[in-house]
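Data block below; observations after.
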Amino acid sequence: MYSNIPDELKELRQWCVYQIVERNGKKTKIPIDANTGSFAKSNDEVTWSSFDAALGAINQFDCDGIGFFFKEPYFGIDIDDVEADIQRYRNDEDDDNIVSEFVDLMGSYAEVSPSGNGIHIIAKGELPDGGSRKGNIEMYSSGRFFTMTGDAIGGYTGITEDELGKVNYLHNKYIASDEPVKQNLSESEGNGLSENDIIRIASNSKNGTRFNLFMNSGWDQFYDSWSEADMAFANDLAFWTNRDISKMDTIFRQSSLYRDKWDSKRGDMTYGYATLNKAISECTNVFNPQEHDPNYNLYVLENDSQPVSNKHYSYDDTGNAERFTDNFKDIIRYSYIRKNWFYYNGKTWQIDQEGKVKGLVDDVLEKMKQEPVYTSDDVDEEQAQKFLQKHIKYSRGSNGKTNMLKESQHLLTVNPGSFDKDEHLLNVQNGYIDLQTGELHDHDKNKFFTKVLSIEYTDKIDCPMWEDFLMQIFDGNTALINYIQRAVGYSLSGSTEEQMMFILHGNGRNGKSVFLDIITEMLGNYTTNIQPQTIMVKPQQSSANSDVAKLDGARLVTSTEPNDGMRFDEGLIKQMTGGDKVTARFLYGEEFDFFPQFKIWMATNHKPIIRGTDDGIWRRMAIVPFTVQIPEHEVDKQLKYKLRREMKGILNWAVEGYREWKRIGLNEPNVIRDQRQTYRTEMDVVELFIEECCIRRDGEREKSSDLYSIYSSWAKDNNQYLMSNTRFGKELANKFQKVKSNGVYYVGIKLKKDFNNEAFRLNLNN
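The sequence shown begins at 1 in full-length UniProt numbering and counts up by one.
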């Protein structure tokens with residue numbers, strides 16, 4: 001019943017059972033602790049259990065089913081009262097309904113609810129702020145649980161990480177308020193200092209070390225959470241700016257703490273403004289430069305901000321585009337292929353999904369007020385001032401702002417091929433690594449990184465727990481462990497010269513999910529996930545695939561468990577692993593070409609089918625065996641969280657793996673070669689037929705038609721792949737000498753007596 005639930009969820013200790021009870025005339029689902037039979041709580045993990053314990057508790061405690069509790073990074077989407085849409089979706093009658101919109105856009109595991117009237121979707125990521133429910137749709141990532149059925153819908157077998165923020169689109173469309181965010185600008189006094197003055201003075205003060213940690217990173221050593229650090233820095237800024245909320249906001253946006261959450265909704269204001277207002281309301285002491293700095297007057301004169309440019313801009317859309325370009329050409333780019341603006345955030349170039357570029361338009365409009373006017377014999381200063389004010393009024397309108405951006409596009413173009421193009425550089429939180437030298441450099445906007453690891457890099461930290469973990473899951477096979485280190489190191493780079501795909505194979509409780517989760521978490525958005533269907537044979541496929549488009553710039557691509565019996569799209573895998581140019585297209589975007597930098601890592605309990613017998617496909621397959629099954633009583637449910645503490649050391653381990661790969665290559669151990677040969681034999685239908693139905697013997701020969709006749713019957717009887725007579729003949733010709741003498745014969749092969757043509761057919765008829 002629950003076999004369709006992804007293994008990733010089954011391995012979590014976030015399960016319960018539930019009972020349906022009637023309260024006030026309504027049926028309510030009550031979560032039950034699978035270990036004790038008492039009530040479970042969504043905010044008390046002690047009352048949660050393993051998946052297996054939940055299954056066993058259904059009958060033990062007379063429950064109605066199992067449930068899954070939510071906590072980060074998982075979130076759920078619950079849609080009720082859509083029974084008709086479910087049926088249409090399952091019958092392929094209508095792909096324009098709410099079920100298809102949610103299920104296919106999220107591309108993650110979904111199932112029908114116990115009532116049959118709704119659906120549940122589970123994915124990984126961060127839900128936007130601004131409400132969690134409207135009408136029949138709910139979204140939540142904590143404080144709730146899903147009643148699980150295993151009645152899968154949509155064909156998505158794994159849990160997808162929502163890297164592109166697809167849930168934001170659905171949230172904005174169905175849940176978020178239509179009212180604009182109100183920003184509460186509290187009364188502020190200010191102290192006459194510019195933002196740069198404030199940063200300089202605060203950085204050189206007796207508390208400058210702390211201020212610089214907030215500005216440049218390092219605060220995480222002293223604060224347990226990002227939000228706690230936000231509040232601490234806001235308190236500092238309230239002091240240094242004399243409660244000037246505008247300057248507080250400007251400086252905060254330049255700091256290492258700034259992220260997209262700063263502009264997210266919090267009721268009737270943003271998270272950022274709520275934080276700043278709280279700091280202002282609690283601020284009882286402020287910095288007054290005349291009182292605190294005897295050299296203040298001299299300091300301001302020496303560090304005064306630059307005057308407005310004396311360049312004359314025309315009073316039209318072209319002039320506005322030049323204004324915008326001159327102000328922001330270092331941090332803004334436009335892609336005609338992606339049909340998006342990009343901005344540089346100090347570490348990476350990001351797609352503007354929140355209107356940040358429009359905010360820069362407002363900055364241009366503010367600076368226009370300070371532009372000098374130009375007079376001539378025909379135009380005096382009063383008339384010139386009127387022309388400027390008239391143009392400012394136009395520019396502040398919707399058309400003026402839109403046209404400013406539209407006319408700026410061709411002045412700030414960027415091609416997708418410019419991003420992440422240096423395959424031996426790796427962007428991290430404290431700079432970027434030149435993998436070839438191991439040197440760490442400062443962040444550089446001209447490198448055009450769109451990707452960044454989730455951690456800082458240092459070569460001073462090791463990872464003993466990680467190394468012990470590898471020794472356990474690979475049964476002490478140091479040759480295999482060293483190979484894995486080189487493979488991970490190779491995957492840090494953008495090189496595809498090895499032309500390899502890594503398949504992590506083995507049954508449950510063997511560590512492969514934890515291993516892959518840690519590597520992908522370390523690599524930040526250098527890694528992405530694809531549905532297994534992307535690289536499997538499909539009935540129909542357009543020339544450009546949006547699922548493939550998101551792989552541009554990725555270094556490591558993971559895929560979840562494919563359905564049993566799925567077949568690799570061998571041509572696509574050769575293209576993806578061989579360094580050939582790939583054509584892709586984002587939704588509503590133009591087609592574009594890119595050269596893959598990624599390495600595919602698939603974790604699976606069963607191997608996908610490969611029909612090809614040529615070395616071109618088989619030499620690409622690296623089967624990594626996970627043969628150690630950890631006893632359930634020895635499973636450490638907190639292992640992943642413990643390994644996260646060594647993340648910087650694991651990165652150092654991976655960089656060492658890169659250096660070893662550059663020194664000796666992947667250098668496969670025998671176990672990898674043996675696994676490949678075993679897989680190849682399993683997939684070689686003709687070889688299986690020969691082993692079961694024929695003998696190899698010098699001097700013997702067998703007629704081609706008899707061999708195919710027996711093969712055809714054997715394949716049908718054993719549910720094996722039935723190839724055409726022509727294909728069968730080609731495969732035999734690769735294994736045996738082919739001769740023509742009153743027919744076509746193959747030399748060195750003979751049907752076993754049990755399978756001679758006449759006896760075998762007679763046996764089938766009986």
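We treat Cβ as the ideally placed atom computed from N, Cα and C, and that holds for glycine.
Tell me the rounded alpha-carbon separation between Ile-690 and Ser-741.
Indexing the sequence shown from 1 puts residue 690 at position 690. Indexing the sequence shown from 1 puts residue 741 at position 741. One C-alpha to the other measures close to 22 Å.
Expressed to the nearest angstrom, what Euclidean distance is found between the alpha-carbon atoms of Gly-616 and Lys-574?
Sequence index remark: in the sequence shown, residue 616 carries index 616 (1-based). Sequence index remark: in the sequence shown, residue 574 carries index 574 (1-based). Those two C-alpha atoms are separated by around 8 Å.
Selection from Asp-754, Gln-436, Leu-170 and Phe-515 that minimises the alpha carbon distance to Ile-473
Locating residue 473 in the sequence shown gives position 473, where the first residue counts as 1. Comparing Cα positions, the closest option is Phe-515.
Reducing DSSP to helix, strand and coil, say where Asp-162 ends up.
Counting from 1 along the sequence shown, the entry for residue 162 is found at position 162. Reduced to three states, the DSSP call for Asp-162 is coil.
Would you identify the three-state DSSP class for Gly-76, choosing helix, strand or coil?
For the purposes of this step, residue 76 is identified with residue 76 of the sequence shown, where counting begins at 1. Strand, per DSSP.
Find out if the Cβ-Cβ distance for the pair Ser-713, Gly-743 is shorter than 8 Å.
Here residue 713 corresponds to residue number 713 of the sequence shown, with the count starting at 1. Here residue 743 corresponds to residue number 743 of the sequence shown, with the count starting at 1. No. Outside cutoff.
Is there contact between the region 427-435 and the region 459-466, where contact requires at least three CB pairs shorter than 8 Å?
Three or more Cβ pairs closer than 8 Å define a contact, and the region 427-435 falls short of that threshold against the region 459-466.
Which residues mark the beginning and the end of the beta strand (DSSP E) in which Val-414 is found?
As a position in the sequence shown, residue 414 is number 414, starting the count at 1. Per DSSP, Val-414 belongs to no beta strand (DSSP E) and is neither H nor E.
Assuming Lys-447 contacts Leu-425 under a Cβ cut-off of 8 Å, what Cβ separation, rounded to an integer in Å, is found between them?
Taking the sequence shown and counting its residues from 1, the one referred to as residue 447 is at position 447. Taking the sequence shown and counting its residues from 1, the one referred to as residue 425 is at position 425. Under the criterion of beta carbons closer than 8 Å, Lys-447 and Leu-425 qualify as touching, at roughly 6 Å.
So, under 8 Å CB-CB, Ile-159 and Ser-227 are touching, yes? Tell me the CB distance rounded to an integer number of Å.
As a working note, residue 159 is residue 159 in the sequence shown. As a working note, residue 227 is residue 227 in the sequence shown. In this structure, Ile-159 and Ser-227 do not form a Cβ contact; the two beta carbons are roughly 26 Å apart against a cut-off of 8 Å.
Taking just the CA atoms, how far does Phe-449 sit from Asp-330?
Position 330 of the sequence shown, counting from 1, holds the residue named residue 330. Position 449 of the sequence shown, counting from 1, holds the residue named residue 449. Distance from the CA of Asp-330 to the CA of Phe-449, rounded to the nearest whole angstrom, comes to 14 Å.
Relative to the C-alpha of Ile-650, which candidate in Tyr-258, Trp-349 and Ser-454 has its C-alpha closest?
On the sequence shown, residue 650 is found 650 positions in, with the first residue counted as 1. Ranking the options by Cα distance to Ile-650, first place goes to Ser-454.
Would you list the residues sitting across from Trp-15 in a DSSP beta bridge?
Stepping through the sequence shown from its first residue, residue 15 is reached at position 15. BP columns for Trp-15 point to Ser-49 and Phe-68.
Mind listing, in chain order, the continuous beta strand (DSSP E) runs of no fewer than 3 residues lying wholly within the region 395-463?
List check, beta strand (DSSP E) in window: 425-428, 431-434 and 439-441.
Could you say which of Ile-609, Val-82 and Ile-481 lies nearest to Thr-681 if we only look at CA atoms?
Position 681 of the sequence shown, counted from the start, is the residue given in the question as residue 681. For Thr-681, the nearest C-alpha among the options comes from Ile-609.
Assuming Leu-707 is part of the alpha helix (DSSP H), what are its boundary residues?
Position 707 of the sequence shown, counted from the start, is the residue given in the question as residue 707. 704-717 is the extent of the alpha helix (DSSP H) around Leu-707.
Helix, strand or coil: which one does DSSP assign to Val-286?
Residue numbering aside, residue 286 sits at position 286 when the sequence shown is read from its first letter. For Val-286, the three-state secondary structure derived from DSSP is coil.
Coil, strand or helix - Met-683 by DSSP
Locating residue 683 in the sequence shown gives position 683, counting from the first residue. DSSP places Met-683 in helix when its eight states are reduced to three.
Under 8 Å between the Cβ atoms of Tyr-334 and Thr-413?
Within the sequence shown, numbered from 1, the residue matching residue 334 stands at position 334. Within the sequence shown, numbered from 1, the residue matching residue 413 stands at position 413. Using a Cβ distance threshold of 8 Å, Tyr-334 and Thr-413 count as a contacting pair.
Nearest to Asn-510 by alpha carbon, out of Gln-60, Glu-632 and Asn-207?
Here residue 510 is taken as the residue at index 510 of the sequence shown, counted from 1. Comparing Cα-Cα distances from Asn-510 to each of Gln-60, Glu-632 and Asn-207, the minimum goes to Glu-632.
Between the C-alpha atoms of Gly-143 and Phe-69, what's the straight-line distance to the nearest angstrom?
Against the sequence shown, residue 143 aligns to sequence position 143. Against the sequence shown, residue 69 aligns to sequence position 69. Taking the straight line from one Cα to the other gives about 8 Å.
Excluding five sequence neighbours on each side, which residues of the same chain lie with their C-beta closer than 8 Å to the C-beta of Ile-175?
Your numbering for residue 175 matches position 175 in the sequence shown. Result list for Ile-175: Gly-130, Gly-131, Ser-132, Arg-133, Lys-134, Ile-137 and Met-139, in chain order.
Inter-residue spacing [alpha-carbon to alpha-carbon] between Asn-563 and Ile-503
For the purposes of this step, residue 563 is identified with residue 563 of the sequence shown, where counting begins at 1. For the purposes of this step, residue 503 is identified with residue 503 of the sequence shown, where counting begins at 1. Looking at the two C-alpha atoms, the distance is approximately 15 Å.
Can you give the Cα-Cα distance for Thr-613 and Val-361, rounded to whole angstroms?
Taking the sequence shown and counting its residues from 1, one reaches residue 613 at position 613. Taking the sequence shown and counting its residues from 1, one reaches residue 361 at position 361. About 59 Å.
Name the one or two DSSP bridge partners that Phe-592 has.
Locating residue 592 in the sequence shown gives position 592, where the first residue counts as 1. Ala-584.
Gly-154 and Tyr-2: beta carbons closer than 8 Å?
The sequence position of residue 154 within the sequence shown is 154, counting from 1. The sequence position of residue 2 within the sequence shown is 2, counting from 1. Going by C-beta atoms, Gly-154 is not nearer than 8 Å to Tyr-2.
Kindly indicate which three-state DSSP category Asp-44 falls into: helix, strand or coil?
Along the sequence shown, one-based indexing puts residue 44 at 44. The answer is strand: DSSP assigns Asp-44 an E or B state.
In whole angstroms, give me the CA-to-CA distance for Glu-687 and Ser-709.
Against the sequence shown, residue 687 aligns to sequence position 687. Against the sequence shown, residue 709 aligns to sequence position 709. Approximately 16 Å between the Cα atoms of the pair.
In angstroms with no decimal places, state the Cα-to-Cα distance between Glu-22 and Ala-40.
Locating residue 22 in the sequence shown gives position 22, where the first residue counts as 1. Locating residue 40 in the sequence shown gives position 40, where the first residue counts as 1. In this structure, the alpha-carbon of Glu-22 lies about 18 Å from that of Ala-40.
For the 8 Å Cβ check, are there 3 or more pairs between the region 493-503 and the region 568-586?
Cβ pair count under 8 Å is three or more, so yes.
At which residues does the alpha helix (DSSP H) containing Val-514 begin and terminate?
Position 514 of the sequence shown, counting from 1, holds the residue named residue 514. Bounds of the alpha helix (DSSP H) holding Val-514 are 512-522.
Determine the direct distance from the alpha carbon of Phe-755 to that of Trp-653, and round the result to whole angstroms.
On the sequence shown, residue 653 is found 653 positions in, with the first residue counted as 1. On the sequence shown, residue 755 is found 755 positions in, with the first residue counted as 1. The straight-line gap from Cα to Cα measures roughly 56 Å.
For Phe-145, the three-state DSSP class (helix, strand or coil):
By 1-based counting over the sequence shown, the position of residue 145 is 145. Phe-145: strand per DSSP, three-state reduction.
Starting from Ile-331, follow the beta strand (DSSP E) in both directions and report where the run begins and ends.
Residue 331 sits at position 331 when you count from the first residue of the sequence shown. That residue, Ile-331, is in no beta strand (DSSP E); it is neither H nor E in DSSP.
Tell me whether the beta-carbon of Thr-558 lies closer than 8 Å to the beta-carbon of Thr-527.
As a working note, residue 558 is residue 558 in the sequence shown. As a working note, residue 527 is residue 527 in the sequence shown. With contacts defined as CB atoms closer than 8 Å, Thr-558 and Thr-527 qualify as a contacting pair.
Between the region 81-91 and the region 112-122, are three or more C-beta pairs nearer than 8 Å?
Using a C-beta cut-off of 8 Å, the region 81-91 makes contact with the region 112-122, since at least three inter-stretch Cβ pairs fall below that distance.
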